[in-house]
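Residues in the sequence shown are numbered consecutively from 234, following my numbering.
All remarks here apply to the structure that follows.
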Amino acid sequence: MKKIKLMTHVVVGYPNIASTIQIVKAMEEAGVDYVELQIPFSDPIADGPTIMKACDMALQNGVTVRDCLKVMKTLSAQVSIPLFFMGYYNSVFHYGVEKFCKAAKAAGAYGLIIPDIPPDEEEYEHFIKACMTHHLHQIRVVTPASSDERLKLNAQVADEFVYCVSHYGVTGSSASGRVGFRSYLKRINKYFKIPIAVGFGISSRKDVHMVEKYADIVVVGSAVLEIINTYARFDVAIKKINTLIKTLTNKEQIIF
Numbered sequence: 234m235k236k237i238k239l240m241t242h243v244v245v246g247y248p249n250i251a252s253t254i255q256i257v258k259a260m261e262e263a264g265v266d267y268v269e270l271q272i273p274f275s276d277p278i279a280d281g282p283t284i285m286k287a288c289d290m291a292l293q294n295g296v297t298v299r300d301c302l303k304v305m306k307t308l309s310a311q312v313s314i315p316l317f318f319m320g321y322y323n324s325v326f327h328y329g330v331e332k333f334c335k336a337a338k339a340a341g342a343y344g345l346i347i348p349d350i351p352p353d354e355e356e357y358e359h360f361i362k363a364c365m366t367h368h369l370h371q372i373r374v375v376t377p378a379s380s381d382e383r384l385k386l387n388a389q390v391a392d393e394f395v396y397c398v399s400h401y402g403v404t405g406s407s408a409s410g411r412v413g414f415r416s417y418l419k420r421i422n423k424y425f426k427i428p429i430a431v432g433f434g435i436s437s438r439k440d441v442h443m444v445e446k447y448a449d450i451v452v453v454g455s456a457v458l459e460i461i462n463t464y465a466r467f468d469v470a471i472k473k474i475n476t477l478i479k480t481l482t483n484k485e486q487i488i489f
């Protein structure tokens, strides 16, 4: 049986910068394969209330794109797993596409996950070109609503893996909301010849089991942030995150 990989998600600066660094290091120790570092944004259109709250708090803490680059640089020197920047194109655009990609690579980013920049805007934005110039993997994000034409376009430029939103909605939505999941991933496999990552709503071993036959990577974001929300003591939150990760990766038979 293949080993499914796990990618987790943090919002830089939530609950604070120092904690972000500790959380990522703890998640690597627990066994995650990749981590997304989200650049906080005031209008994260694909994200649910948990990540929106985390973004709001990070912005209230004064976290900027420059701060995120500093965190990436610190972490890339201390962990060995690939680290991705996740964010919205507005942040990249205002920083400068070329400038941001150059800085992200210099800071140690493995790649970028920017869900709201479609490949058919490349003629004007030159985002994919900048990623290629600076040797950054640019991860395409697709949804059940993506047309065959949009899937074809994304498949032509997809790199490393494709990030599949597992159902209609926003991050953190219940995994039970998936409709036609198998047929959806069959469509993805028709166009993409790279690993498939499935996210949005993954929070239990049951969810992982549901997707592991069809996917190569599962993505867990809101579930991690919910733990931070729930436990006032940071050391307890770290232990709970460790337990969740080991449960999801089946390293411990624990029901979280």
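No residue lacks a Cβ here, since even glycine has one placed at the ideal position from N, Cα and C.
Local conformation of residue i per DSSP, three classes
i: tyrosine 267; result: strand
i: valine 312; result: coil
i: threonine 482; result: coil
i: valine 330; result: helix
i: isoleucine 461; result: helix
i: isoleucine 471; result: helix
i: phenylalanine 489; result: Unreliable placement is indicated for phenylalanine 489, whose pLDDT of 27 sits below 50; no coordinate value is reported for it.
When the options are compared against residue i, the one with the closest alpha-carbon
i: glutamine 371; options: Asn249, Leu458 and Ala391; result: Ala391
i: leucine 345; options: Arg373, Thr366 and Leu458; result: Arg373
i: cysteine 288; options: Ile250, Val312, Glu262 and Gly264; result: Ile250
i: asparagine 475; options: His242, Gly246 and Met260; result: Met260
i: aspartate 468; options: Val244, Ile237 and Gln255; result: Gln255
i: valine 312; options: Ala263, Asp280 and Phe333; result: Ala263
i: phenylalanine 317; options: Val304, Asn323, Tyr328 and Gly329; result: Val304
i: alanine 470; options: Met240, Lys236, Leu239 and Pro248; result: Pro248
i: tyrosine 321; options: Ile314, Glu269 and Ser309; result: Glu269
i: glutamine 271; options: Cys301, Val395 and Lys446; result: Cys301
i: histidine 327; options: Leu308, Glu354, Lys362 and Phe274; result: Phe274
i: leucine 308; options: Glu355, Tyr267 and Asp353; result: Tyr267
i: threonine 253; options: Thr482, Ala465, Ile461 and Phe414; result: Ile461
i: valine 451; options: Met365, Ala465, Leu481 and Lys286; result: Leu481
i: cysteine 364; options: Lys385, Leu386 and Ala339; result: Ala339
i: arginine 299; options: Tyr417, Lys258, Gly246 and Gly281; result: Gly246
Supposed close pair residue i, residue j - CB separation, criterion 8 Å
i: proline 393; j: isoleucine 421; result: Position check: residue 393 holds glutamate in this sequence, whereas proline was assumed. Between isoleucine 421 and glutamate 393 the Cβ distance is about 15 Å, and since that is not below 8 Å, they are no contact.
i: alanine 378; j: tyrosine 424; result: Going by Cβ atoms, the distance from alanine 378 to tyrosine 424 rounds to 15 Å, so no, they are not a contact pair.
i: aspartate 440; j: glycine 432; result: That belief does not hold up - the Cβ atoms of aspartate 440 and glycine 432 are roughly 10 Å apart, past 8 Å.
i: serine 455; j: threonine 283; result: 4 Å
i: valine 398; j: threonine 241; result: Valine 398 to threonine 241, Cβ: 17 Å. No contact.
i: valine 395; j: histidine 359; result: With 8 Å as the limit, valine 395 and histidine 359 do not qualify as a contact, their Cβ atoms being about 21 Å apart.
i: valine 265; j: isoleucine 478; result: 6 Å
i: asparagine 194; j: arginine 438; result: Only positions 234 to 489 of the chain appear in this structure, which leaves residue 194 out of reach.
i: valine 453; j: leucine 239; result: 7 Å
i: leucine 369; j: alanine 336; result: The pair is not a contact, with the Cβ atoms about 11 Å apart (cut-off 8 Å).
i: valine 244; j: valine 257; result: Not quite, the Cβ-Cβ distance comes to about 11 Å (not below 8 Å), so this is no contact.
i: proline 277; j: methionine 285; result: 6 Å
i: lysine 385; j: glycine 341; result: Incorrect: roughly 33 Å between the Cβ atoms, too far for contact.
Check: residue i C-beta below 7 Å from any heavy atom of the ligand ADP
i: aspartate 468; result: What this structure holds is no ligand at all, so the ligand ADP is not there to describe.
Open item on the list: Would you call the region 289-300 in contact with the region 339-354, where contact means no fewer than 3 C-beta pairs closer than 8 Å?
Closed with: no
Task: Ranges of the beta strand (DSSP E) found wholly within the region 360-435, counting only runs of at least 3 - done: 370-375, 395-398 and 429-432
Open item on the list: To test your reading of the DSSP string, which unbroken beta strand (DSSP E) runs of 3 or more residues are found completely within the region 236-309?
Closed with: 238-244 and 267-271
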